[in-house]
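Read in order, the letters of the sequence shown correspond to residues 276 to 683 in our numbering. Here is the structure we will look at.
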Amino acid sequence: MTKTINKQTVWLKLTLRIFSIGLLPTLTVYPAFGAERLKFNYGLLERSIPISSLETYARTGKVDDNLAAYRKYVDKKQLAQLRKVLLTRIPLNQVEVSQFLYTPIGERLLEKLGKVIQTESNLSGFYAIRAALILSAADQKDFTLLNVLSKFPASAISINLNQSLAIAEALQNLVNQTQNAVALINQQSQQEVITVSTLNTVPLMDLGKNGSFRFLKQTITLNDLSRKRIFPADIYLPIAQTPRPIIVISHGLGSDRTSFAYLAEHLVSYGFVVAVPEHPGSNSQQIQALLAGIADRVTNPRELIDRPLDIKFLLDELTRLSKSNSIFRGRLNLEQVGVVGQSFGGYTALALAGAKINFEQLKADCPALENTLNVSLLLQCLAVNLPNAQYNLSDPRIKAAIAIDPSR
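Right, here's the structure in full:
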């Protein structure tokens with residue numbers, strides 16, 4: 276008897292652990308549960324919760340007898356989070372959901388979830404998840420997790436807790452790695468501040484405030500005929516008597532050159548020339564085209580090559596303008612160039628600084644990503660579809676690079 280009770284206790288704790296450390300919030304983006312009952316399998320053990328119990332709790336806040344067995348394993352905050360997740364409207368429509376789920380990255384995510392969320396016959400839930408999401412998204416006013424439950428084409432859905440725990444653990448490891456990295460950076464920065472302040476009696480500048488330089492903003496259009504690629508760039512020029520160092524900002528996937536306008540204006544106020552190109556194959560227009568049904572993918576693997584080449588071409592164009600255009604003449608110091616990039620732009624910055632695509636490592640790592648829901652890694656693995664060649668993506672004009680949350 277004691278052994279049976281212990282197994283049940285372990286099972287319940289494992290079940291609630293999935294909810295508490297982040298799997299359920301993940302499923303608000305890719306939700307998919309069953310129609311009448313939600314079954315949890317852990318080894319030979321199986322328990323289930325009626326969907327009606329979850330709906331009653333979500334709509335009224337009442338915990339019935341079926342859900343009460345789990346209540347003692349979660350606190351009020353976690354229960355409130357569960358209720359919020361069940362009722363939060365997903366701000367996507369049917370076309371947007373369909374387009375994403377039929378992309379390679381969308382299908383890869385469905386494959387991962389299909390190993391966790393299965394039909395009552397313990398078969399992959401790949402097609403059932405996609406069907407439920409698309410059907411539910413047709414009702415935009417009630418596109419919620421509860422609505423997805425009612426659309427799932429099965430009477431019961433089986434959740435494989437072994438697979439769930441592997442995914443949850445991987446997600447938690449990513450969170451821990453990020454938190455540890457941020458803590459280490461903060462610690463080192465504080466140590467440097469203390470060291471500088473003890474060696475220098477001059478008060479440190481408050482970089483949180485704007486600098487004293489006024490500036491002009493020019494938008495140029497670049498046309499790289501060799502790649503048949505046309506893209507704009509905003510150039511922020513400080514009003515100064517001497518050529519100024521240049522900082523290039525590369526935006527992330529689904530973003531555009533306006534996303535970091537605040538940073539560009541802040542940097543130019545300190546006397547830097549700031550150039551912010553827009554990468555046409557991975558900007559907000561690309562994502563909008565995908566969601567509108569015009570494009571068939573999140574981004575092309577070729578963007579891993581084109582993004583660094585965009586910035587190399589931009590620097591070539593600035594070199595030309597510094598000699599031929601009166602607005603730019605005498606303003607640019609092309610011997611001192613830095614690049615800042617976020618996410619996909621972070622990768623771009625690293626590539627320009629000399630980092631190479633390691634095809635052998637990608638071939639080894641990408642097929643092994645069985646339990647990941649990390650879109651950054653899936654994006655990175657698009658590179659395996661590129662020809663295995665030595666791409667010249669670095670630029671000797673880049674003297675400094677800052678990669679913020681890079682795809683890696």
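Virtual Cβ for every residue (Gly too), placed ideally from N, Cα, C.
Q: Taking only the alpha-carbon atoms, compute the straight-line gap between N451 and P681 and give it to the nearest angstrom.
A: Going from the Cα of N451 to the Cα of P681 covers about 17 Å.
Q | Buried versus exposed, by CB contacts within 10 Å (16 or more), T394 | A | Burial state of T394 is buried, judged by a 10 Å Cβ sphere holding 16 or more other Cβ atoms.
Q: Take every Cβ of the region 567 to 586, pair it with every Cβ of the region 479 to 489, and state whether three or more of those distances are shorter than 8 Å.
A: Contact fails: fewer than three Cβ-Cβ distances are below 8 Å.
Q: Please confirm whether I505 and A550 have their CB atoms less than 8 Å apart.
A: No; because the gap between Cβ atoms is not below 8 Å, this pair is not in contact.
Q | Given P642 as reference, the closest of A658, S557 and I632 once Cα atoms are compared | A | For the set A658, S557 and I632, the Cα lying nearest the Cα of P642 is the one of A658.
(Q) Would you call the region 491 to 506 in contact with the region 587 to 596, where contact means no fewer than 3 C-beta pairs closer than 8 Å? (A) By the criterion of at least three beta-carbon pairs nearer than 8 Å, the region 491 to 506 is in contact with the region 587 to 596.
(Q) Just verifying my parser: in three-state terms, what is the DSSP assignment at E386? (A) Three-state result, E386: helix.
Q) Start and end of the alpha helix (DSSP H) containing Y345? A) That run of the alpha helix (DSSP H) goes D340 to R346.
Q) Just reading off the beta strand (DSSP E) that Q611 is part of, what are its end residues? A) Under the DSSP assignment, Q611 falls in the beta strand (DSSP E) whose first and last residues are L607 to Q617.
Q: State the Cα-Cα distance for the pair G605 and A564, rounded to the nearest angstrom.
A: Answer to the nearest angstrom: the Cα atoms are 40 Å apart.
Q. Got a sec? Which residues, its chain only, sit under 7 Å from A406 by beta carbon, not counting five neighbours each side?
A. Here the set comprises P428.
Q. Per the contact definition of three or more C-beta pairs closer than 8 Å, is the region 375 to 384 in contact with the region 343 to 360?
A. With the cut-off at 8 Å, the region 343 to 360 and the region 375 to 384 do not touch.
Q: Compute the distance between the beta-carbons of F580 and L653, then report whether it is under 8 Å.
A: Note that residue 580 is Ile in the sequence shown, not Phe. It is not a contact, given that the beta carbons lie outside the stated cut-off.
**Q.** Length at least 3, wholly inside the region 524 to 580: the beta strand (DSSP E) runs in chain order
**A.** If only complete runs of 3 or more residues are kept, the region 524 to 580 shows the beta strand (DSSP E) at 548 to 552, in order along the chain.
Q: Name the residue from S618, A412, G400 and D350 whose alpha carbon lies nearest to the alpha carbon of F375.
A: That would be A412, whose Cα lies nearest to the Cα of F375.
Q.
Helix, strand or coil, according to DSSP, for P366 in the structure here?
A. P366 falls in the coil class under three-state DSSP.
Q. For K337, which residues from the same chain have a beta carbon less than 8 Å from its beta carbon, with the 5 sequence-adjacent residues on both sides left out?
A. Here K337 has T331 as same chain residues with Cβ atoms under 8 Å from its own Cβ, once five neighbours each way along the sequence are excluded.
(Q) With DSSP as the reference, identify every bridge partner of N498, one or two as the case may be. (A) N498 pairs with I505.
**Q.** Rounded Cβ spacing between A539 and A624 (contact assumed at less than 8 Å)
**A.** Contact between A539 and A624 is absent: CB atoms are separated by about 15 Å, not below the 8 Å threshold.
Q.
Quick check on this structure: which residue in P552, E311 and Q655 has the alpha carbon closest to the alpha carbon of K638?
A. Looking at the Cα atoms, Q655 is the closest of the given residues.
Q | Where G669 falls: helix, strand or coil (DSSP) | A | It should be noted that the sequence gives Ser, not Gly, for residue 669. In the structure shown, S669 sits in coil (DSSP, three-state: anything other than H, G, I, E or B).
Q) Is T331 helix, strand or coil by DSSP? A) Reduced to three states, the DSSP call for T331 is helix.
**Q.** Helix, strand or coil at P642 according to DSSP, with G and I counted as helix
**A.** Helix at P642.
Q) Hey, quick one: how far does the beta strand (DSSP E) through A431 stretch, first residue to last? A) That run of the beta strand (DSSP E) goes A431 to N435.
Q. If we call anything under 8 Å between Cβ atoms a contact, is I586 one with S669?
A. No Cβ-Cβ contact shorter than 8 Å links I586 with S669.
Q. Do you know whose CA, among I679, I404 and V548, lies nearest A515's CA?
A. Per the Cα distances, V548.
Q. CB G621 to CB I679, shorter than 8 Å?
A. Result yes, Cβ atoms of G621 and I679 sit closer than 8 Å.
Q: Using alpha carbons as the reference points, say which of L398, V372 and N368 lies closest to D414.
A: Of the candidates L398, V372 and N368, the one whose C-alpha sits nearest the C-alpha of D414 is N368.
Q. Nearest CA to the CA of L482: which residue from T533, G546, E635 and E321?
A. Scanning T533, G546, E635 and E321 for the CA closest to the CA of L482 turns up G546.
Q: Reducing DSSP to helix, strand and coil, say where F634 ends up.
A: Helix, per DSSP.
Q) Anyone know if the C-beta pair for L528 and P583 falls short of 8 Å? A) No, they are not a contact pair.
**Q.** CA-to-CA distance, K352 to L424, given in whole angstroms
**A.** Note on geometry: alpha-carbon atoms of L424 and K352 lie some 23 Å from one another.
Q. Going by the beta-carbon positions, is the gap between V360 and L408 smaller than 8 Å?
A. No, these two residues do not count as a Cβ contact at 8 Å.
(Q) If I measure Cβ to Cβ from R322 and keep anything under 6 Å in the same chain, skipping five residues before and after, which residues do I get? (A) Excluding the 5 residues flanking it on each side, R322 has same chain C-beta neighbours closer than 6 Å at F315, in chain order.
Q) Taking the alpha carbon of A431 as the point to measure from, which residue in I392, I562 and V457 has its own alpha carbon closest? A) Taking A431 as reference, the option from I392, I562 and V457 with the minimal CA-CA separation is I392.
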